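Each remark here refers to the structure printed beneath this line.
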Amino acid sequence: MYSLFSGFAVSFSLILAVGAQNAFVLRQGLRRAHVFWIALACSVLDAILICAGILGFGALATAAPWFETVLLWGGAAFLIWYGWQNAKSAWRGGNALEAATDDAQTLRQALTTLAALSLLNPHLYLDTVVFVGSISAQYDNQLAFGIGAVVASFTFFFSLSYGARLLRPLFANPRAWQVLDGCIALIMWAIAAKLLLS
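Under our numbering, the first residue of the sequence shown is numbered 2, with each subsequent residue one higher.
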């Protein structure tokens, strides 16, 4: 049980930080756009990477040093572009919640955006594969640690996706959408800057 709870706590604390993926999940939850599938995709992706880390996939970074560089530049470029899209939306405004519930984005488009935000972010690999994988090695029961970490991912992403509806009254105001879009743009650019300057 100790390994299980430790895995849950470590994974939950890593996911909790506001990042590109979480901002996208929150936005989709507020719009009630493909909520279940977005939450499931995030959770399954995290589970796969956590399992890969625990099984020793973190050695890839050592075996192929160029892999991290490709992820770094590709991820930063995508985050800058995605931030620009949100900045334009914040500048234009007029995005009330009622206007945002028409599911203008198809499920395929939403999942493609999510995949790019997730898979092009080197911090995702560092957190789930390298960090969780290396911490799991300190526990006798790595399977229990991994189960706890995976349960934390499912708990967080489904809570964020479906809990976003509690904020719907706030986002009936177009100004709130402008603030959210502006914040998301700043988060994307901050993460990109951190990637490029670290």
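Note that beta-carbon positions come from the ideal geometry of N, C-alpha and C, so glycine has one too.
Only a predicted model underlies this, so the values are computations on that prediction, with no experimental measurement involved.
Residue environment, R166, which counts as buried when at least 16 other CB atoms sit within 10 Å: Taking the first residue of the sequence shown as 1, we reach residue 166 at position 165. Looking at its Cβ environment, which holds fewer than 16 other Cβ atoms inside 10 Å, R166 is exposed.
DSSP-derived helix/strand/coil call for P170: Within the sequence shown, the letter at position 169 stands for residue 170. In this structure, P170 counts as coil in the three-state DSSP scheme.
Where T113 sits in the DSSP three-state scheme: As a working note, residue 113 is residue 112 in the sequence shown. Three-state DSSP puts T113 in a helix.
Buried or exposed by the 16-neighbour rule on C-beta atoms within 10 Å, applied to P123: As a position in the sequence shown, residue 123 is number 122, starting the count at 1. Buried is the call here.
Member of I39, W190, A186 whose CA lies at the smallest distance from the CA of T114: Start at 1 with the first residue of the sequence shown, and residue 114 comes out as number 113. When only C-alpha atoms are compared, the closest one is I39.
Distance, L41 Cα to L171 Cα: By 1-based counting over the sequence shown, the position of residue 171 is 170. By 1-based counting over the sequence shown, the position of residue 41 is 40. Those two C-alpha atoms are separated by around 26 angstroms.
Nearest-angstrom Cβ-Cβ length linking T129 and I51, presumed shorter than 8 angstroms: Along the sequence shown, one-based indexing puts residue 129 at 128. Along the sequence shown, one-based indexing puts residue 51 at 50. 5 angstroms between Cβ atoms; contact.
Residue span of the alpha helix (DSSP H) that contains F155, given as start and end: Within the sequence shown, residue 155 is the residue found at index 154, counting from 1. First-last of the alpha helix (DSSP H) with F155: 143–164.
Segment contact, 8 angstroms Cβ cut-off, at least three pairs: the stretch 145–159 with the stretch 42–49: yes
For F6, the three-state DSSP class (helix, strand or coil): In the sequence shown, counting from the first residue as 1, residue 6 sits at position 5. If DSSP states are grouped into helix, strand and coil, F6 belongs with the helices.
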